[in-house]
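Notes follow once the structure below has been shown.
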Amino acid sequence: MKKLYSLTIIVCLVFLGITAFDNKQDSPVSEIKLKHQQRLQIFIQELEVLSQYMNDNSASDENIQIRFLEVRRAFKAWEYLGEHLDPMMTKDKVNGAPLPKIERNSFGMNILQPRGMQVLDELIFADNIQENRDEIQLHLYMLIETMKEVATVAYPIYDRTVLEAARMELVRLFTLGLTGFDVPGSGNSVMDAITVMQTMREDLLLYQPLFTQTDATTASMFYINLNDCISYLEGHNDFDSLDRLHVLKNYINPLFAGLLSLHQQTGIEMIHEVTQEYLLPPYNHLSDNLFANDFLDPYKYIRLPKEINSPQMVELGKMLFFDPVLSSNNKRACASCHDPEKAFTDGMPKSAALSFEGTVDRNAPTLINCVYNERFFHDMRSEALEDQIEHVLVNRKEFDTDMLKIIDKLKQSDEYVTMFNECFSKMDGEKLNGHTISFAVSAYVSSLRGFNSEFDKYVRGEQAHIDDAVSRGFNLFMGKAACGTCHFAPVFNGTVPPKYEESESEVLGVAENPYVKNQVVDPDLGRGVARLKEQSDFNKYAFKTPTVRNAALTAPYMHNGAYKTLEDVMDFYNKGGGEGFGIHLDNQTLPFDSLSLNKQEINDIVAFMKSLTDTTGMTSVPARLPLFNDVVLNNRKVGGEY
Numbered sequence: 002m003k004k005l006y007s008l009t010i011i012v013c014l015v016f017l018g019i020t021a022f023d024n025k026q027d028s029p030v031s032e033i034k035l036k037h038q039q040r041l042q043i044f045i046q047e048l049e050v051l052s053q054y055m056n057d058n059s060a061s062d063e064n065i066q067i068r069f070l071e072v073r074r075a076f077k078a079w080e081y082l083g084e085h086l087d088p089m090m091t092k093d094k095v096n097g098a099p100l101p102k103i104e105r106n107s108f109g110m111n112i113l114q115p116r117g118m119q120v121l122d123e124l125i126f127a128d129n130i131q132e133n134r135d136e137i138q139l140h141l142y143m144l145i146e147t148m149k150e151v152a153t154v155a156y157p158i159y160d161r162t163v164l165e166a167a168r169m170e171l172v173r174l175f176t177l178g179l180t181g182f183d184v185p186g187s188g189n190s191v192m193d194a195i196t197v198m199q200t201m202r203e204d205l206l207l208y209q210p211l212f213t214q215t216d217a218t219t220a221s222m223f224y225i226n227l228n229d230c231i232s233y234l235e236g237h238n239d240f241d242s243l244d245r246l247h248v249l250k251n252y253i254n255p256l257f258a259g260l261l262s263l264h265q266q267t268g269i270e271m272i273h274e275v276t277q278e279y280l281l282p283p284y285n286h287l288s289d290n291l292f293a294n295d296f297l298d299p300y301k302y303i304r305l306p307k308e309i310n311s312p313q314m315v316e317l318g319k320m321l322f323f324d325p326v327l328s329s330n331n332k333r334a335c336a337s338c339h340d341p342e343k344a345f346t347d348g349m350p351k352s353a354a355l356s357f358e359g360t361v362d363r364n365a366p367t368l369i370n371c372v373y374n375e376r377f378f379h380d381m382r383s384e385a386l387e388d389q390i391e392h393v394l395v396n397r398k399e400f401d402t403d404m405l406k407i408i409d410k411l412k413q414s415d416e417y418v419t420m421f422n423e424c425f426s427k428m429d430g431e432k433l434n435g436h437t438i439s440f441a442v443s444a445y446v447s448s449l450r451g452f453n454s455e456f457d458k459y460v461r462g463e464q465a466h467i468d469d470a471v472s473r474g475f476n477l478f479m480g481k482a483a484c485g486t487c488h489f490a491p492v493f494n495g496t497v498p499p500k501y502e503e504s505e506s507e508v509l510g511v512a513e514n515p516y517v518k519n520q521v522v523d524p525d526l527g528r529g530v531a532r533l534k535e536q537s538d539f540n541k542y543a544f545k546t547p548t549v550r551n552a553a554l555t556a557p558y559m560h561n562g563a564y565k566t567l568e569d570v571m572d573f574y575n576k577g578g579g580e581g582f583g584i585h586l587d588n589q590t591l592p593f594d595s596l597s598l599n600k601q602e603i604n605d606i607v608a609f610m611k612s613l614t615d616t617t618g619m620t621s622v623p624a625r626l627p628l629f630n631d632v633v634l635n636n637r638k639v640g641g642e643y
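For the sequence shown, the working numbering assigns the number 2 to the initial residue and increments by one for each residue that follows.
Following this line, the structure appears as structure tokens:
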């Protein structure tokens with residue numbers, strides 16, 4: 002019996018071993034790993050060849066630029082898998098923006114100087130390559146050493162890795178690549194995109210037998226779309242004239258959805274099945290459209306746990322939002338400066354201060370889709386939506402009170418106490434406290450999400466037609482006008498794709514008064530004086546990049562509300578920001594160059610921004626507020642008196 006038992010075990014083990022071996026052979030992963038290593042080596046070799054060119058004083062500027070484009074081709078062939086495997090390293094050392102930044106999670110002010118491909122792209126396509134030779138060589142040396150280090154790391158690559166990297170690359174390619182985000186000098190973005198798509202096709206073709214066996218119809222359509230996308234880009238490789246809306250609707254979104262469907266049907270594991278929830282990025286890998294309502298997970302940006310949120314908590318937060326009892330004089334509410342009818346702004350350059358004693362310091366931004374940010378306030382001083390309320394409470398110009406006083410005041414209302422007890426019944430301890438007040442307001446504000454504009458519906462195929470001006474405007478926004486290099490799709494704010502984990506700020510050189518002949522910079526230093534660890538020269542006059550969604554409802558514009566119309570804003574950008582109006586800032590991050598947009602093009606971009614209007618289901622106001630044991634308080638006005 003023991004012999005039979007032992008023999009059975011041996012047979013099973015042999016069978017399992019053969020099965021595992023066969024599966025390993027059937028999986029394309031081994032071949033893709035080899036291809037990826039080869040692409041990395043080619044990238045290193047191309048960098049070394051360029052470095053040799055830089056040592057040759059007889060090499061012309063044109064030849065150096067041609068060699069660099071070969072480097073770009075090698076980099077883009079490595080990118081889709083390489084950046085997915087180590088995104089932070091890629092951002093910091095390989096392809097980060099050519100601007101200094103403060104190291105993440107450092108206790109002090111550790112400034113990271115820009116390095117990598119974008120810096121090289123800018124230097125090599127500048128007017129003075131010969132003057133930049135030493136700097137170019139330094140950056141080449143650092144990049145070569147970085148990539149050699151990468152070559153020594155055994156990154157784990159599975160079928161899941163390849164498929165998820167390919168889908169994320171579709172997001173990266175459309176939101177960053179085709180906008181020209183990482184080619185500040187060469188403008189080589191369309192050719193880069195062709196290389197990326199060709200590389201992904203080469204790898205994904207290895208899955209064709211499995212995909213066809215799983216779902217022949219979807220597989221066939223997927224590979225047709227993949228080939229058609231490459232062919233279209235090859236035939237329309239001019240940056241300014243590329244129809245990006247056509248690419249999005251006919252290729253990117255169908256490929257994004259098709260690959261998800263095939264991945265799910267094959268039974269290959271997915272990231273959420275092998276990763277703890279809190280480690281997942283805001284980008285929703287189960288979404289099937291870049292403009293879907295669920296493309297980004299709002300709970301990745303707030304501290305409020307998803308499991309305790311509820312419609313009742315949203316309603317409680319709404320009551321608090323419209324209740325002037327939160328202010329010291331019981332006359333001002335959050336809604337005083339954030340009116341639902343104006344997309345939660347107030348139409349003023351700067352809102353009136355408490356008791357009408359002057360104004361607050363900055364323009365009231367829209368709250369719709371504000372949850373999709375990693376940092377909050379114009380100066381980015383707050384790291385969580387839940388922290389905002391305390392800033393407002395203690396600000397003498399806004400609510401002029403504090404959390405302890407508000408807690409004591411709310412406890413005087415039996416209705417509020419009951420609502421807090423019901424909403425936070427699963428939490429230990431006192432149910433009405435600073436955390437629960439912040440959670441409730443956060444629940445309401447984070448519910449103000451809108452991806453159901455005319456443009457969204459068209460992109461998702463829910464609407465058959467869109468005005469030609471909107472189509473032209475989108476293509477300009479994402480292309481020639483370079484708006485999409487700072488206002489990233491689909492939220493069109495400063496939260497950076499493809500993972501949407503970090504919010505950016507920009508130094509634009511905004512005027513104090515743009516309607517005078519001799520303009521001067523607005524004196525507000527913004528991020529440069531907001532947080533102690535960020536008070537660096539390059540952050541002076543920097544402000545968070547806001548969304549342009551609902552811009553039709555949120556005039557006036559900029560952090561100081563100085564620009565009255567969208568046309569005025571476009572004129573500012575068209576002339577190179579502050580520099581174009583005589584405002585000279587050494588740290589302006591907006592390119593100084595004129596965009597050379599004509600009046601029709603500006604009107605088209607404005608038409609596109611107006612097509613992003615969506616306040617669906619967000620404008621209702623409470624019929625009444627909770628009662629207090631105080632006759633005077635019970636007469637307070639919903640939304641405040643001003």
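Cβ coordinates follow ideal geometry from the N, Cα and C atoms, glycine included.
Spanning the alpha carbons of Gly640 and Val522 requires a straight line of approximately 34 angstroms.
For Lys541, the CB contacts under 6 angstroms within the same chain, skipping 5 residues up- and downstream, are Leu526 and Gly529 in chain order. Apart from the 5 residues on each side of it in sequence, Asp594 sits with its Cβ closer than 7 angstroms to the Cβ of Gly577 in its chain, given in chain order.
Using a C-beta cut-off of 8 angstroms, the stretch 212–229 makes contact with the stretch 255–275, since at least three inter-stretch Cβ pairs fall below that distance. Per DSSP, Glu507 is one residue of the beta strand (DSSP E) stretching across Ser506 to Val508. For Tyr81, the secondary structure class from DSSP, reduced to helix, strand or coil, is helix. Taking a C-beta distance under 8 angstroms as the contact criterion, Leu411 and Ile606 do not qualify as a contact pair. Linking Ser242 to Cys371 through their CA atoms gives a straight-line distance of about 32 angstroms. Remark: three or more beta-carbon pairs, one from each stretch, lie closer than 8 angstroms, so the stretch 70–79 and the stretch 25–45 are flagged as touching.
For Phe544, the enclosing beta strand (DSSP E) has its first and last residue at Ala543 to Lys545.
Here Arg363 carries a coil assignment [DSSP, helix/strand/coil]. Judged by beta-carbon spacing, Leu124 lies within the 8 angstroms limit of Asn133, meaning their Cβ atoms are closer than that value. The Cβ-Cβ distance between Thr267 and Thr215 falls below 8 angstroms. For Val622, the closest of Ile145, Phe322 and Asn364 by C-alpha to C-alpha distance is Phe322. Per DSSP, the beta-bridge partners of Ser383 are Phe377. Per DSSP, Thr276 has no beta-bridge partner at all. In the DSSP annotation of this structure, His466 is not part of any alpha helix (DSSP H), being labelled neither H nor E. Beta-bridge annotation (DSSP): Asn96 is paired with Gly117. Around Pro515, the same chain offers Ala563, Tyr564, Asp569, Phe573 and Phe582 as residues with beta carbons nearer than 8 angstroms, after the five sequence neighbours per side are excluded.
Residue range Ala217 to Gly236 is occupied by the alpha helix (DSSP H) that includes Phe223.
Non-local C-beta neighbours of Ala608 in its own chain, meaning closer than 6 angstroms and more than five positions away in sequence, comprise Ala470, Val471 and Gly474, ordered along the chain. DSSP, reduced to helix, strand and coil, places Asp340 within a strand of the structure shown. Pairing Gln464 with Ala155, the inter-Cα distance amounts to about 47 angstroms. Between Tyr54 and Asp122, the alpha-carbon positions lie close to 15 angstroms from each other. For Leu171, the enclosing alpha helix (DSSP H) has its first and last residue at Asp160 to Thr176. The continuous alpha helix (DSSP H) containing His140 extends over residues Arg134 to Ala152. In terms of Cα proximity to Ala344, the closest of His436, Ser352 and Ala365 is Ala365.
With a 10 Å radius around the Cβ and a threshold of 16 neighbouring Cβ atoms, Tyr208 comes out buried. Here Ser311 is exposed: its Cβ has fewer than 16 other Cβ atoms, across all protein chains shown, within 10 Å. Excluding sequence positions up to five before and after Pro101, its CB lies within less than 7 angstroms of the CB of Ile112, Leu113, Gln114, Pro115 and Phe539, all in the same chain and listed in chain order. For Asp572, the enclosing alpha helix (DSSP H) begins and ends at Leu567 to Asn575. Annotation for Gly259: the continuous alpha helix (DSSP H) segment containing it runs Asn254 to Thr267.
Per DSSP, the unbroken alpha helix (DSSP H) holding Phe456 starts and ends at Glu455 to Val460.
Judged by DSSP in its simplified three-state form, Phe539 adopts helix. Taking C-beta atoms as the reference points, Ala194 and Gly178 count as a pair closer than 8 angstroms. The beta carbon of Glu387 lies closer than 6 angstroms to those of Arg304, Ser439 and Ser443 in the same chain, with the five residues before and after it left out.
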